[in-house]
Every structure is written in C-alpha cells, then in structure tokens.
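Chains as they are written, first to last, in this note's numbering: chain F, 438 to 566; chain D, 25 to 417.
Virtual Cβ for every residue (Gly too), placed ideally from N, Cα, C.
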Amino acid sequence: MYSEKVMDHFTNPRNVGEIPDADGVGVEGNAVCGDIMKLWIKVEDGRIVDARFKTFGCGAAIATSSMITELVKGKTIEEAMQISNTAVAEALDGLPPVKMHCSNLAADALRKAIDDYLAKQKGAEENNG
Amino acid sequence: MKRIYLDHASTTPLRPEVLEAMLPFLKEQHGNPSSIYGEGREARKALDRARDRIATILGASPREIIFTSGGSEADNLAIKGAAFALKDRGNHIITSAIEHHAVYNTCRYLEKHGFRITVLPVDSYGLVDPAAVAAALTPETILVSIMHANNEIGTIQPIAEISKILKERKILFHTDAVQTVGHIPVNVQELGVDLLSLSAHKFYGPKGVGALYVRRGVRLDPLIHGGAQEHNRRAGTENVAGIVGMAEALVLAALEMDKEIERQRELRDRLISGIMERIPHTRLNGHPEERLPGNVNVCFEFIEGESLLLNLDMQGIAASSGSACTSGSLEPSHVLLALGLPHEIAHGSLRMTLGRGTSAADIDTVLEVLPGIVDRLRQMSPLYDADAFCKTH
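This is how it looks when you write it as structure tokens:
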C-alpha cells in the first residue's frame, strides 16, 4: 500500500522532536480526524537551518512530516513557502489516494510555522521601531 | 521471522482436515445436487449430510438451514427477506448501534424503502439493555436484529433474555452469530431466536460459504430468484465443496470447544493484564467477563492505530484497529464511538483476536514488543507529554 520511501520515513523518521528556542511553530490537523502535526523551525538570515516535528497519526502522516523537515532545511523562507502538500507526496514517490486528503498536512503545518515566524519578526520590528 | 497471526475475528486459516473433506467435491465428485443421475445423487447425499450435521450442532432441524455465500448474505437475507415478507404487518425494525456493517447498512437500505429503524444505544461495555428493546417496541415492529457477540470488542449480548421479551410479543428476532458459532455454544432453542447468521471462514472453514437458520414457519422473501434450491429461498447451484467444508469445520470446532474456550480465555486474560501492567494510559474496550474467549481490544491514548499496526507487522504480528485509517473511511469505528469513546481515543485502538494456533509464547512475544512500539509512537506524538504525566500521575 505504501511506497518504499514512505515506509523508510515511517520506520526511520528524520528530525523527530522539538526545538526549545524555535523561531516559528505550526500545528495542523486535529485529533478528531486522527492526524495532528506540530512543526518547529529555526531561522537564520532568512534561511531555515533546522526543522523538527511531532506527529500523531498514521504511517502517511508520520512520513510526510519527516519528509518536509528534510525538504525545508537550507531553504529560504520564500522557497519554503512554495512547498505544497502535493510536492511532499511526490518526494515520497506518492501516497495512496485515500491518504492525500487527510494525512498530507505537512506543508500546511510548515506554512503555519512560517506565519508564526513572520508574525514574531514583525512584532520584533515594531518593538524596535 | 515467525509470523504471529492475531486477527482471527477477521478470518481464520482453513483446517487441513476441512480441506481433505472438501477435495473430492473439487475434483472427481463434480455432480450437481439437483441432477437425478448417479453423480448428482452423490452430491445431494453430501449436501444432505452437511445440512444434518450443521442443524444438529445448532439445535435446529435440517429444513431450517439455508446455505448462503457467507455471513453478509445471511444477514441480508434475514433482514431484507423478513422485512419485505412482513411489510403488510408493519414497517418498524429495531437494531443496535454496534452491529456489523452487513446488518447496519442493510437496515439503512431498508430505511430508504419506507421502513423505520430504531438504533438502540449500548452501555460503556457494549451491552444492549433488554429493557430498552422492550421499550422500543411498537405495534408496527416486525423485526429485531441484535448480534450475538461483537466482532470488534467481543462483548456477548444477553440474547436469551431479549428473545423472551420478543416471544411474548410474537416479534421476529434475528441474531448475527458470525463471531460465536464454532467458538462458544450456540443453540437456537436456548437462544430463542428465529433467524441466525453464520459464516464458515470464521471457524477454520472455507471463505465464501455461510448459512442462515430460519425457524420453521418464518416467512422470508428470497434475495436471489431462480431455481428451487434451498426450498425456493435461495436460488443457485449449491457450493457443495464449501458446504461440506463448513460442516466438517463446525463438527471439529464443537469437539474441541470446551478445551479451546478455557485455553483461549487464559491467554486472553494474560494478554490483557500484561498490557495493562506494562503500558500506562491504556483502556480495555468491551466487557471484562461477558466477552469472546479470544478477543482483546484496547485503546492506547495519544497514538494512532494504523502506525501501531504497521510497526507490529514489521515485528511479524498481524492485528487490526478501529482507527479511521484502517476502516477505509474518515471516521473511526462506529462500535468504539457507540461505547462513548472520544474520536482521538478511538483512533488509538488495537484489536488482537486469538485462535486455536495461538500459543503462550506468542502472547509473551507480543508483551515484549508492544510496550516499546507504543512508547516510540508516544515520544513522537504532540499529544503526549511524558514529563507532565510523570508529575501528575
């Protein structure tokens, strides 16, 4: 049912955990549906230098979370904002059709983490200005 | 790696003795039971003998057994057949919130055809209250369908108690006994039911064959029209090999039943208490005693069932879950929700169903690997804060 790549990321998920002094945090999904992703990012000079996640969910949910942390590292905020849920699924050699909707939320979680980062930046600028 | 199969409620392996009994009818004995020449007569004899054996074990008479393609067809024939045959008498049907989809969706279908369905709730153990059945009866009630034991949580219903109430009111009573026949004693007289469904592959028989017990005098509209087979109630040339296999499997199950009940209960309770001792934030689903001998169903908080099953599978263990991802829908199991479990907890369910091949060593292996898997998934879960729990628990 799952591709080898999905099973690899599910079995050995990359970057599991939290970043205590993260620059942005995003949460997507809800427990009622059975999938929640929480993503932490660390940003330096406009680039994402670290990303970590914690996920409650099925194999696809865990694999997409793991994959997006790999995809975003080293990317600028602008580049990271271009990553779509479909791109994450493609990087995993595809997901079963039923999983495309409910368990493919990693890019949305990333977007929320970036929004959180940008809001904090804006707040800091206003305080300084 | 040795595989440990703990999904016997889903299906069971065919017993070698059953295959042996079936083989002649898949090879040289190819006759059609409806033919009058020698080959046909041989097939008819085998069919009659199978019907006698099954009827005897169930406490029925042979004419009360209708062979079907399995449990789902038996449920459909019982419910639709009775509803359409009795539609001049009334249009109300009562069922429970934890029925198998073969019953639940059949009732939903009838709703579209003018029948009124009452779905009775269950308590937190999954038990239907016989008093609630009595209270739901109306002058329009023509049929009640309540399963003997639940396929997910293993809770055994008070069928004999409910049938006493219905007998007084002369209302037809169907029970889906797919999970109990061949596993615990099932006698249609003691249960007092009018219709009872069973399926061969749940008790080490072949897939694609089952039966419906229909008490003498009960009217049923057929689902499948055609020839005069099964006393005009189910057309189509009989699945002779399958039916012979089903009878053989049922006889073998009856012979070892007492011993197996005791053995599986002991393994079941060992597995349940082992899980409860080793894994915190775990709850048992279903009734602690009124429960199928081979059924274990638990919920692990903060994790999701499919990722649990994938991890178990990698360790060689086959089990099932009521999470949305494994049910093929967006909702977790309707049975777990009917118990009053919140969605997020129902997603973390694990069902392990033991069988005649399950050993004490298998249970020990599960108890060795399961805590590590649950802990690993919890460490990954944003819902789980181990430190906070250590402080508060």
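query: Give the C-beta separation of G251(D) and S93(D) to the nearest angstrom, bearing in mind that I take them to be a contact with Cβ-Cβ under 8 Å.; result: Their Cβ separation, rounded to whole angstroms, is 15 Å, which puts G251(D) and S93(D) out of contact at 8 Å.
query: Determine the extent of the beta strand (DSSP E) in which M444(F) is found, giving its start and end residues.; result: That residue, M444(F), is in no beta strand (DSSP E); its alpha helix (DSSP H) goes E441 to T448.
query: Give the single residue among A459(F), N565(F), Y439(F) and N452(F) whose Cα lies nearest to the Cα of D553(F).; result: A459(F)
query: Kindly indicate which three-state DSSP category L555(F) falls into: helix, strand or coil?; result: helix
query: Tell me H198(D)'s beta-bridge partners as DSSP assigns them.; result: S169(D) and L219(D)
query: Spell out whether any CB of chain F is found under 7 Å from the CB atom of C414(D).; result: Bear in mind that a pLDDT of 45 at C414(D), under 50, signals an unreliable position, so the number given afterwards is only what the model happens to contain. By this cut-off, C414(D) is not an interface position.
query: Please classify P450(F) as buried or exposed, where buried requires at least 16 other C-beta atoms within 10 Å of its C-beta.; result: buried
query: Between the beta-carbon of N335(D) and the beta-carbon of R375(D), is there less than 7 Å?; result: no
query: Going by Cα to Cα distance, which pick from S347(D), T382(D) and R380(D) is closest to P366(D)?; result: S347(D)
query: Just the C-alpha distance for M504(F) and V525(F), rounded to the nearest angstrom, thanks.; result: 7 Å
query: Label C414(D) either buried or exposed according to how many other C-beta atoms from any shown protein chain fall within 10 Å of its C-beta, with 16 as the threshold for buried.; result: Residue placement at C414(D) cannot be trusted, given a pLDDT of 45 that sits under 50; the coordinates are not used to answer.
query: Helix or strand or just coil, what does DSSP make of H125(D)?; result: helix
query: With 7 Å as the threshold, decide whether the Cβ of M404(D) is near any Cβ in chain F.; result: yes
query: Can you pull out the residues from the segment 452-485 of chain F whose beta carbon lies closer than 8 Å to at least one beta carbon of chain D?; result: V453, V464, A468, V469, C470, G471, D472, I473, M474 and K475
query: I think S146(D) touches A362(D), with their Cβ atoms under 8 Å apart; what is that distance to the nearest whole Å?; result: Residue identity differs from the one stated: residue 146(D) is Val in this sequence, not Ser. Indeed they touch by this definition, with Cβ atoms about 5 Å apart.
query: So, is the C-beta of K491(F) closer than 7 Å to a C-beta in chain D?; result: yes
query: Which runs of the alpha helix (DSSP H) spanning at least 4 residues fall entirely within the segment 328-375 of chain D, listed in chain order?; result: 329-338, 348-351, 358-362 and 367-370
query: Tell me whether F139(D) sits in a helix, a strand or coil according to DSSP, three-state version.; result: coil
query: Going by C-alpha to C-alpha distance, which of T306(D), R239(D), V238(D) and G206(D) sits closest to A277(D)?; result: G206(D)
query: So if DSSP puts R315(D) in a beta bridge, which residue, or which two residues, is it bridged to?; result: T179(D)
query: Taking the DSSP output, what are the residues bridged to K479(F)?; result: D487(F)
query: So for D31(D), helix, strand or coil by DSSP?; result: strand
query: Beta carbon of C495(F), beta carbon of S331(D): below 7 Å?; result: yes
query: Does E330(D) come within less than 7 Å of chain F when only Cβ atoms are used?; result: yes
query: Quick check on S373(D) - is its C-beta less than 7 Å from some C-beta in chain F?; result: no
query: With a threshold of 7 Å between beta-carbons, can I505(F) be considered close to chain D, or not?; result: no
query: Note down, in chain order, every chain F residue with its Cβ under 9 Å from the Cβ of S347(D).; result: G471 and C495
query: Name the residue from D399(D), L360(D), G364(D) and G340(D) whose alpha carbon lies nearest to the alpha carbon of T389(D).; result: G340(D)
query: Give the straight-line distance between the Cα atoms of A74(D) and T199(D), rounded to the nearest whole angstrom.; result: 22 Å
query: By the DSSP assignment, the beta strand (DSSP E) with F108(D) in it spans what residues?; result: Segment G95 to A109 is the alpha helix (DSSP H) holding F108(D); no beta strand (DSSP E) there.
query: Taking all protein chains shown into account, decide if A556(F) is buried (16 or more other Cβ within 10 angstroms of its Cβ) or exposed.; result: exposed
query: Measure the Cβ-Cβ separation of V202(D) and L219(D) and say whether it is below 7 Å.; result: no
query: Kindly list the residues whose CB is nearer than 7 Å to the CB of R39(D), restricted to its own chain and excluding five residues on each side of it in sequence; keep chain order.; result: Y228, A273 and L276
query: Between the alpha carbons of E562(F) and G483(F), how many angstroms are there, rounded?; result: 15 Å
query: Just confirm the distance between the C-beta atoms of T491(F) and K479(F), as a whole number of angstroms; I'd bet it's less than 8 Å.; result: The sequence given here has Lys at residue 491(F), not Thr. Wrong, their Cβ atoms sit about 15 Å apart, outside the cutoff.
query: Between the beta-carbon of A160(D) and the beta-carbon of I118(D), is there less than 7 Å?; result: yes
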